[in-house]
Structures are given as structure tokens and as C-alpha cells.
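Protein chains: 2
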Amino acid sequence: MKGEIIAIGDELTSGRIFNTTSGFAARHLFDAGYEIYAMHTIGDTPELIGEALRRAINRVDFVIVTGGLGTTDDDLTNEAVSVALNRPTMPNLEILSQIRSHLNKISGNPVSPLEKLAWLPKGAEALNPKSRMAGYQLVHDSKPVFFLPGIPSQMEHLMLEYVLPRLTIWYSDPTREVRQKMLRVFNMNEIDVNEKIAALKLDHSVKIGYYPVFPELHITLTTRGKNSDECDILITQTANAITSSLGNVIYGQNQETLEIIVGRLLTEKKMTIAVAESCTGGLVSHRLTKVPGSSAYYLGGVTSYANSMKSRFLGIKTELLQKHGAVSKEIAEAMAKGILASSGADLSLSITGIAGPDGGTAEKPIGTVYMGLAAADKTYVQLHHFEGTREQIQEISAGTGLDMVRRYLLNLI
Amino acid sequence: MKGEIIAIGDELTSGRIFNTTSGFAARHLFDAGYEIYAMHTIGDTPELIGEALRRAINRVDFVIVTGGLGTTDDDLTNEAVSVALNRPTMPNLEILSQIRSHLNKISGNPVSPLEKLAWLPKGAEALNPKSRMAGYQLVHDSKPVFFLPGIPSQMEHLMLEYVLPRLTIWYSDPTREVRQKMLRVFNMNEIDVNEKIAALKLDHSVKIGYYPVFPELHITLTTRGKNSDECDILITQTANAITSSLGNVIYGQNQETLEIIVGRLLTEKKMTIAVAESCTGGLVSHRLTKVPGSSAYYLGGVTSYANSMKSRFLGIKTELLQKHGAVSKEIAEAMAKGILASSGADLSLSITGIAGPDGGTAEKPIGTVYMGLAAADKTYVQLHHFEGTREQIQEISAGTGLDMVRRYLLNLI
Numbered sequence: 031m032k033g034e035i036i037a038i039g040d041e042l043t044s045g046r047i048f049n050t051t052s053g054f055a056a057r058h059l060f061d062a063g064y065e066i067y068a069m070h071t072i073g074d075t076p077e078l079i080g081e082a083l084r085r086a087i088n089r090v091d092f093v094i095v096t097g098g099l100g101t102t103d104d105d106l107t108n109e110a111v112s113v114a115l116n117r118p119t120m121p122n123l124e125i126l127s128q129i130r131s132h133l134n135k136i137s138g139n140p141v142s143p144l145e146k147l148a149w150l151p152k153g154a155e156a157l158n159p160k161s162r163m164a165g166y167q168l169v170h171d172s173k174p175v176f177f178l179p180g181i182p183s184q185m186e187h188l189m190l191e192y193v194l195p196r197l198t199i200w201y202s203d204p205t206r207e208v209r210q211k212m213l214r215v216f217n218m219n220e221i222d223v224n225e226k227i228a229a230l231k232l233d234h235s236v237k238i239g240y241y242p243v244f245p246e247l248h249i250t251l252t253t254r255g256k257n258s259d260e261c262d263i264l265i266t267q268t269a270n271a272i273t274s275s276l277g278n279v280i281y282g283q284n285q286e287t288l289e290i291i292v293g294r295l296l297t298e299k300k301m302t303i304a305v306a307e308s309c310t311g312g313l314v315s316h317r318l319t320k321v322p323g324s325s326a327y328y329l330g331g332v333t334s335y336a337n338s339m340k341s342r343f344l345g346i347k348t349e350l351l352q353k354h355g356a357v358s359k360e361i362a363e364a365m366a367k368g369i370l371a372s373s374g375a376d377l378s379l380s381i382t383g384i385a386g387p388d389g390g391t392a393e394k395p396i397g398t399v400y401m402g403l404a405a406a407d408k409t410y411v412q413l414h415h416f417e418g419t420r421e422q423i424q425e426i427s428a429g430t431g432l433d434m435v436r437r438y439l440l441n442l443i
Numbered sequence: 031m032k033g034e035i036i037a038i039g040d041e042l043t044s045g046r047i048f049n050t051t052s053g054f055a056a057r058h059l060f061d062a063g064y065e066i067y068a069m070h071t072i073g074d075t076p077e078l079i080g081e082a083l084r085r086a087i088n089r090v091d092f093v094i095v096t097g098g099l100g101t102t103d104d105d106l107t108n109e110a111v112s113v114a115l116n117r118p119t120m121p122n123l124e125i126l127s128q129i130r131s132h133l134n135k136i137s138g139n140p141v142s143p144l145e146k147l148a149w150l151p152k153g154a155e156a157l158n159p160k161s162r163m164a165g166y167q168l169v170h171d172s173k174p175v176f177f178l179p180g181i182p183s184q185m186e187h188l189m190l191e192y193v194l195p196r197l198t199i200w201y202s203d204p205t206r207e208v209r210q211k212m213l214r215v216f217n218m219n220e221i222d223v224n225e226k227i228a229a230l231k232l233d234h235s236v237k238i239g240y241y242p243v244f245p246e247l248h249i250t251l252t253t254r255g256k257n258s259d260e261c262d263i264l265i266t267q268t269a270n271a272i273t274s275s276l277g278n279v280i281y282g283q284n285q286e287t288l289e290i291i292v293g294r295l296l297t298e299k300k301m302t303i304a305v306a307e308s309c310t311g312g313l314v315s316h317r318l319t320k321v322p323g324s325s326a327y328y329l330g331g332v333t334s335y336a337n338s339m340k341s342r343f344l345g346i347k348t349e350l351l352q353k354h355g356a357v358s359k360e361i362a363e364a365m366a367k368g369i370l371a372s373s374g375a376d377l378s379l380s381i382t383g384i385a386g387p388d389g390g391t392a393e394k395p396i397g398t399v400y401m402g403l404a405a406a407d408k409t410y411v412q413l414h415h416f417e418g419t420r421e422q423i424q425e426i427s428a429g430t431g432l433d434m435v436r437r438y439l440l441n442l443i
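In C-alpha cells:
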């Protein structure tokens with residue numbers, strides 16, 4: 031089964047916004063066993079939209095169109111579809127009544143440009159009329175055509191929740207199986223990982239992909255076959271072989287982030303954590319608290335950017351700061367011990383370093399980062415030298431700190 | 031002058047690799063005053079490559095093709111070009127002799143798959159025959175067609191060093207100018223902004239685009255013309271008219287983020303800030319410290335997730351927490367006052383709320399967020415009701431907090 035993807039928007043053809051939705055759709059369609067014949071990106075020009083759509087419907091089995099479904103004057107997709115496929119727009123009554131009752135509630139004024147969202151080409155079936163997301167399906171020349179918003183979060187949601195399940199039913203093929211697994215690596219580079227995996231001489235029917243997602247590396251394993259059990263066994267065997275070879279640089283699988291893994295380990299061990307950050311400026315706390323339910327193990331943190339904050343909140347003596355400087359083994363240790371004591375947590379992490387672009391010296395260049403980890407019985411300090419922009423040094427420092435906590439909880443430190 | 035961009039490769043249509051080269055080309059072409067009619071991504075299929083190429087040459091003034099120029103079996107671009115444009119491949123003698131002398135030096139064996147790089151469609155002019163980068167130009171139907179490698183670093187180098195300069199000469203048009211400006215909006219939705227702008231009856235030669243980038247809205251103004259000064263005046267007049275109409279919901283222009291604007295205002299007023307966060311879990315501190323030089327005005331923050339942290343670090347009495355609950359006007363105020371006093375900053379921001387997915391009640395549903403702002407002489411508290419996922423509520427809360435600081439510093443509160 032072949033499909034085409036058409037992304038619409040002047041912001042894309044001017045290069046101002048990167049088109050991420052087409053790649054997202056392509057990856058998920060590929061994983062589900064479909065082939066992408068072509069992907070197109072065009073501006074907000076109705077004739078061009080119509081032409082691309084008609085050509086796609088003629089040559090492939092399904093089409094996905096993203097963008098141009100909003101309420102503003104530059105949203106022209108429905109108009110273009112209406113003309114190209116000879117389907118006059120008409121109001122979808124369910125969406126219209128949703129909009130009117132929403133408007134009534136918030137403003138008492140039941141007339142608004144929002145109503146544009148309800149006017150769809152004839153035959154359109156809204157994907158989720160109860161939500162505030164635009165998005166519908168047409169069947170034209172017996173082929174399904176999906177129209178999705180250009181906003182990545184909405185597009186991705188509708189793609190996963192509606193488009194893929196509907197395509198599966200439409201083109202059900204019980205003999206096509208596809209399995210994919212992702213292994214998440216922290217602290218080993220692509221070349222070393224590639225070399226170790228190449229030495230394993232793995233079954234060629236599992237396709238291996240390497241995706242550096244700074245500062246991590248994600249390895250994907252993909253296999254296709256007629257037999258579901260065989261696919262499962264093949265993927266599991268391959269994942270096991272790679273895991274044996276790479277060891278504990280693999281920290282998680284699929285959607286498991288470092289903060290999810292750390293949260294799970296803390297929960298299992300019934301431990302709480304607190305954080306004292308300097309150069310990462312709250313990023314470790316932000317990542318930990320992204321996880322739903324993190325309040326069960328994360329007590330809180332201090333972002334002690336100024337030295338006065340280090341003294342006041344972490345009890346660090348001014349003399350110690352003057353003697354060693356804020357970026358030092360001694361201060362990292364004192365920060366970790368300080369937040370452990372004042373928070374009452376079971377475990378603490380501290381990070382102090384120089385993220386740049388200013389503040390580097392010959393002795394302590396930009397990228398010098400100390401990390402401390404304190405528990406009731408022991409304290410650890412590590413020195414790292416990172417490279418990159420300010421944001422990259424902040425990102426890799428936060429990741430390395432979370433990985434240090436993971437390693438401590440797994441007795442790997 | 032209009033162009034099309036064709037990217038070739040199965041790794042792109044499977045979504046395994048993100049296509050970044052087309053966006054790169056589009057941005058630079060747009061900035062140089064060209065218009066992109068369409069961008070296509072297709073797999074390693076010669077018929078499809080040929081068809082896309084012929085169609086593009088027919089309808090636009092220049093074409094850029096990337097990918098499929100390498101030495102492996104799946105590199106099929108030259109073969110496809112040869113057939114589609116009826117130009118038999120023949121060896122480029124300069125490239126061939128380069129390859130042979132290189133091979134002689136490294137292996138003594140002058141026959142290799144590398145020689146495939148020298149066989150180009152008739153009429154091809156190598157862009158940089160002395161380099162090891164593939165890449166050439168054809169002139170077909172009097173239009174320039176550029177073929178570039180798919181490897182982003184090589185493609186980008188050849189694009190900047192050869193394609194753009196050659197296009198400038200080919201279509202030399204000293205009268206073509208393009209200007210763009212972006213206005214960044216916080217706290218006004220797309221529909222209201224659109225309505226206000228539509229009512230202005232602006233000059234139609236400035237194209238207006240609306241891009242929601244959660245939780246913000248970005249408005250782009252683009253104009254093209256023959257006269258550089260006229261373009262500048264037109265863009266400035268339009269931006270001024272929109273700014274007069276929308277007022278202070280426009281917080282910045284182009285690349286100015288909220289944290290950059292807040293940092294600039296604090297620097298101008300020689301003020302320092304400290305932050306006490308609960309439901310945003312460090313995100314405000316993280317955003318403030320993304321800005322280089324933020325240590326000059328950001329003293330630090332406390333992420334007081336657990337109530338014990340609110341007491342210990344912010345001096346909030348247990349009775350107050352028990353009486354009003356952590357998510358309340360009183361606690362938001364106490365947090366802001368607490369961090370102001372303990373940090374010694376001139377200004378403080380506090381955020382306490384329910385980000386979900388658990389913790390909501392009938393009285394205080396998920397999305398209930400209180401924000402406090404304290405200065406030496408005055409304290410402000412705001413109540414917000416946000417909607418969305420945990421991450422969205424955290425994002426919009428952090429943005430609203432930063433905007434509250436901006437408004438205070440501009441005397442808009």
C-alpha cells in the first residue's frame with residue numbers, strides 16, 4: 031500500500047519553520063508497513079494544493095494532507111479541496127454546535143471566525159468533532175484522504191489516534207507484521223556503538239538504525255515478516271545480543287526517558303531526591319517533574335546561581351567558596367550535602383559548572399562541570415569536561431546528572 | 031524567480047532520517063529573494079525521480095536536486111537524469127583523473143566503485159571537481175538545474191558556495207528585495223489577532239502569516255519589491271500599525287524570546303530576580319538561565335515541590351499551608367515574599383498550581399495555577415485556569431509567569 035504526504039504552508043516553503051510533521055507521518059507509516067511514494071511541501075496556493083492532491087489521489091492508495099485548516103485568512107486548504115475535488119463546503123453541524131455552545135459560554139456571542147472550522151468539503155467526516163482540533167477524512171475515488179492540522183502536537187495526536195487505526199482497517203492485511211524496538215544509549219558515541227554491533231554479526235532481517243538525539247543515541251531495530259511470533263523472537267534476540275554487548279550504557283527502551291527510569295528506580299527503592307543546581311539552572315528539576323506522579327519522590331530543589339544563594343540555602347560557608355571557587359569538587363560536594371540535609375531527602379544531586387559563553391578560564395574552561403551525589407552514608411563527586419554551546423552544555427550536564435543518579439541506584443557507581 | 035527542491039532517498043521517505051537539506055535550501059533561497067514553488071521528497075526510484083525533475087523544469091525557473099549521487103547501488107540519481115532528460119552519462123575526465131590519482135596513492139589499485147562519481151549526464155558541469163564532493167550543474171531548457179549530495183554538511187557547503195552565487199548571476203535582478211519581520215504575541219489567540227489585523231486594512235503587498243507556537247502566537251510580515259528602502263518602510267509601517275492595534279500582547283520581535291526580553295528589562299532597570307516554583311518544577315529558572323549572561327540578574331530559585339520544602343526554604347508556616355492548601359492565593363503570595371526575603375532579590379515570581387494528570391479536585395481542577403510577584407513595596411497575585419496536558423500546563427504557566435514579570439517591569443500590571 032502506497033501513500034503520499036502533502037504539507038501545506040508558506041512558513042515551510044520559506045524555510046522559516048522546519049517541516050517535522052511529514053517525517054513524523056513517514057516514520058509511523060513505514061513502521062506500520064506502508065510505503066511512501068512521495069512527500070510534497072507547497073505554499074498556501076489553492077491551485078497548487080488542488081493539483082498536488084488530484085495527482086496523489088490518482089497514483090497512490092491513500093493521501094495525508096497537513097496544514098491550512100485553521101481559522102485565519104491564510105488557511106486555504108478547505109477552499110482548495112472544495113474546488114479541486116468538486117465538493118462544495120458545507121457546515122458540519124456537530125462541530126458548529128460545539129463551537130456555538132463554547133462561544134456562548136465564554137462570550138455570549140455566538141458568531142465568530144471560529145465557525146470557519148465547521149465548514150468542510152462535502153463528504154468530510156471530522157476525525158474528532160468533540161475536540162478543538164481541526165482534522166477530517168474524505169473518501170475520494172474509493173481512497174481515503176486525511177486532512178490534519180499543521181500544528182505538530184495536534185497532527186501527531188490525530189495521526190496516531192485516528193489515521194493509523196483507520197488505515198489498518200481500510201487496508202487490513204493479516205500477513206504483514208512489523209516490529210520495532212528502540213534502545214536508548216547514554217554516554218557512548220555512535221561510532222563505538224556501531225563498531226560493537228557490527229562485530230555481533232546479527233541476523234540481517236532485523237534492520238538497525240542509529241539516531242543521535244543530543245546528548246543521547248537511540249538505536250532502532252525493525253523487522254517485517256508474515257509471522258507475528260517469529261518477528262517478536264527475532265527482535266527480542268537482537269535486542270538481547272546488543273544489550274549484552276553494550277551493557278549498562280543502554281538505560282531504557284522505547285519511550286522511557288532518563289527521568290522516567292530514575293523515577294521508577296526511586297519508587298522501587300522507596301527513596302526521595304532533592305537537587306541543587308547551578309549551571310543547569312533548574313533543568314534537572316524540570317526534567318524530573320515532567321514525569322506524572324514525580325511529587326511522590328521529588329521533594330524539590332534549589333537553583334543557586336548566585337553565591338549568596340549557595341550560602342543561604344545550602345549552608346555553604348563563604349570561606350569555602352572563596353578558597354575553591356563555585357565550580358570545584360569541594361563546592362559540588364558541599365551543595366549535595368547541603369541540599370540533602372536541608373531537604374531531608376534520601377538522596378541528592380548537585381551540579382556546578384561553566385556553561386559559557388563567558389566565565390571560562392585557562393584552568394577551568396567552558397564545559398568544566400562538577401557533579402555531586404550524596405546519600406546518608408556516602409558522597410560522590412565527578413568532574414566532566416563537556417563541549418558545545420551554552421544550551422548543549424546545560425543539556426548534557428543535566429543528562430549526565432540524571433544518569434549518575436541512575437547508576438547510583440543500580441549500584442554501578 | 032521560482033524554484034523547486036527535490037530531495038531523493040529511501041531513508042527520507044521511510045522517516046528514518048529527517049530531511050533537513052530542503053529546509054536549509056528553502057530558507058537561504060527565500061532570504062535571497064527567490065520563491066519556492068514546491069519541495070518534494072521521493073525514494074530511490076528512477077522513474078519517479080525523472081518525472082519529478084521533468085515536471086519541475088517545465089514549471090519553474092530553477093531546480094535543486096539533493097541525494098543519490100554517491101557510489102553505492104542505491105544511488106540512482108544520475109541514471110534517472112540520464113533517462114529523463116535524454117542525456118547519456120559520460121565520464122568527466124577531470125574528476126576521473128582525480129579519483130585515479132587518489133586511488134593510486136592510497137592503494138595502487140586504480141579501479142574502484144569510486145569511479146561511478148565521475149560518470150555524469152551529458153552537459154554536466156561539476157561544481158567543485160577538485161573536492162571529493164559530488165555535485166554538478168546542468169542547463170536544460172535554458173534553466174539551471176543543480177544536483178547536490180544528500181549529506182547535509184556537503185549539501186550546505188555547495189549550496190552557499192556555488193548554487194546561490196550562480197543563481198545570482200543567472201537571474202541577476204538588482205531590483206529584487208525581500209524583507210521579513212516576526213512579531214511575537216503572548217496571551218492573545220489567533221482568531222482575535224486575525225480579526226484585529228483584518229480590521230486594519232493593511233497594504234496587500236505585505237503578506238501576513240500566523241503561526242501558533244504553543245503557548246505563543248508568531249505573526250510574520252513579508253514583502254518583496256524593487257526598492258530596498260520602500261520594502262523597509264512598508265514592513266516598518268505594517269509592523270507599527272499592528273503593534274498599535276494589538277498593543278502590549280506583542281512582547282518581542284524576531285528571535286527575542288520572553289526570557290530574553292525579561293532579562294533585558296531587568297538589566298535596564300538594574301534589578302535582580304529570584305523564583306519560587308512548584309508546579310512548573312524549575313522550568314522558569316531553566317528558561318531564565320538559557321540566556322547567556324543571565325547570572326547578572328538571576329540570583330536563583332527554589333523548586334518547592336514538597337510542602338516541607340516550602341516551609342524550610344520559603345519560611346511558610348505549616349498552619350498557613352494546612353489552612354489554605356499549597357495551591358492558593360495565600361501560598362502564592364507567601365512563596366513570592368519568602369523567596370524575595372531569603373534571596374535578597376529586588377523582584378520575585380512564584381508559581382503554585384495543579385499540572386495534573388492527578389491532584390485535581392472539584393474546587394481546584396487540574397490547570398488551576400496561582401502566580402505571585404513580589405517587590406519591596408508591593409505584592410501581586412493572579413489566578414489562572416489553564417487547559418491541556420501536564421506538559422502544556424507547565425509550559426503555559428512558565429510563559430505566563432515570565433509575561434507577568436515583563437508586564438510588571440513595563441508598569442502594565
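As they're listed, the protein sequences go chains E and U.
Quick note: this note's numbering has the first sequence finishing at residue 443, numbered continuously throughout.
Quick note: this note's numbering has the second sequence finishing at residue 443, numbered continuously throughout.
Using N, Cα and C, we set each Cβ at its ideal position, and we do this for glycine too.
Problem - Interface flag, U/K320 vs chain E, CB-CB below 8 Å - result: yes
Problem - Sub-8 Å separation of U/I303 and U/L379 beta-carbons - result: yes
Handout entry: Cβ-based neighbour list, U/I125, same chain, cut-off 7 Å, excluding 5 preceding and 5 following
Key = L147, A148, A156 and P159
Exercise for the section: State yes or no: is the C-beta of E/L344 within less than 8 Å of the C-beta of E/S334? Expected result: yes
Problem - Within 8 Å, strictly: CB atoms of E/G282 and E/I272 - result: Taking 8 Å as the Cβ cut-off, E/G282 and E/I272 do not qualify as a contacting pair.
Exercise for the section: Measure the beta-carbon distance from U/D40 to U/G73 and round it to whole angstroms, keeping in mind my assumption that it falls under 8 Å. Expected result: 5 Å
Exercise for the section: Determine the direct distance from the alpha carbon of U/I263 to that of E/R130, and round the result to whole angstroms. Expected result: 41 Å
Problem - E/H66 versus U/K353: straight-line alpha-carbon distance, rounded - result: In the sequence as presented, His is not what sits at residue 66 of chain E; that position holds Ile. Rounded to whole angstroms, E/I66 to U/K353 spans 60 Å at the Cα level.
Exercise for the section: Could you tell me how far apart the beta carbons of U/M212 and U/H248 are, in whole angstroms, since I believe they sit closer than 8 Å? Expected result: 5 Å
Problem - U/E225 in three-state terms, based on DSSP - result: Helix at U/E225.
Exercise for the section: Determine the chain E residues that contact U/F343 at a beta-carbon separation under 8 Å, and present them in chain order. Expected result: G330, V332, F343 and S372
Exercise for the section: Could you work out which residue in E/S325, E/L440 and E/T102 is closest to E/G277 when comparing CA atoms only? Expected result: E/L440
Exercise for the section: Please compile the residues from chain U whose C-beta is within a distance smaller than 7 Å of the C-beta of E/F48. Expected result: G53
Practice task
Determine, using beta-carbon pairs with one atom in the region 357-375 of chain E and one in the region 400-415 of chain E, whether at least three such pairs fall under 8 Å.
Solution key: yes
Exercise for the section: Give the range of the beta strand (DSSP E) segment to which U/L251 is assigned. Expected result: E246 to G255
Problem - Where the alpha helix (DSSP H) containing E/E286 begins and where it ends - result: E/E286 -> no alpha helix (DSSP H), and no H or E assigned at all.
Practice task
Check the DSSP bridge columns for U/E307 and list the partner residues they point to.
Solution key: U/T333 and U/I381
Exercise for the section: If I'm right that U/E191 touches U/F216 with Cβ under 8 Å, what's the distance once you round it to whole angstroms? Expected result: Incorrect: roughly 40 Å between the Cβ atoms, too far for contact.
Handout entry: Reference U/A336; option with closest CA among E/S338, E/G311, E/V305 and E/S341
Key = E/V305
Problem - Any C-beta of chain U under 8 Å from that of E/D40 - result: yes
Exercise for the section: Could you tell me whether the Cβ atoms of U/T250 and U/Q210 are closer together than 8 Å? Expected result: yes
Problem - 8 Å Cβ cutoff, E/S161 in contact with chain U - result: no
Handout entry: Beta-carbon proximity of E/L194 to E/A326, cut-off 8 Å
Key = The answer is no: Cβ separation not under 8 Å.
Exercise for the section: Indicate whether at least one CB of chain E lies closer than 8 Å to the CB of U/T287. Expected result: no
Practice task
Answer yes or no: does any C-beta atom of chain U fall closer than 8 Å to that of E/M434?
Solution key: no
Exercise for the section: Taking E/E220 as the reference, give the member of E/M189, E/N257 and E/V279 with the closest Cα. Expected result: E/V279
Problem - Beta carbon proximity, E/I66 to chain U, threshold 8 Å - result: yes
Practice task
Apply the 10 Å Cβ neighbour rule to U/L168 and answer buried if 16 or more other Cβ atoms are within range, or exposed otherwise.
Solution key: buried
Exercise for the section: Could you tell me if E/E34 is buried or exposed, where buried requires 16 or more neighbouring beta carbons within 10 angstroms of its beta carbon? Expected result: buried
Problem - Cross-strand partners of E/P174 (DSSP beta bridge) - result: E/P174 is bridged by DSSP to E/V169.
Handout entry: Residues that E/R214 bridges to, as DSSP identifies them
Key = For E/R214, DSSP records a beta bridge to E/H248 and E/G282.
Handout entry: CB contact below 8 Å: U/S380 versus chain E
Key = Cβ-Cβ to chain E under 8 Å: no for U/S380.
Problem - Residue-chain proximity (U/G239, chain E), Cβ-Cβ < 8 Å - result: yes
Problem - Under the three-state DSSP convention, the category U/A56 falls into - result: Looking at U/A56 - three-state DSSP - the assignment turns out to be helix.
Problem - Selected residue, minimal CA-CA separation from E/E260, among E/S275, E/N284 and E/D233 - result: E/D233
Exercise for the section: Please state if the CB of E/D388 and the CB of U/F374 are separated by a distance shorter than 8 Å. Expected result: The displayed chain sequence assigns Gly, not Phe, to residue 374 of chain U. No, Cβ-Cβ distance for U/G374 and E/D388 is not below 8 Å.
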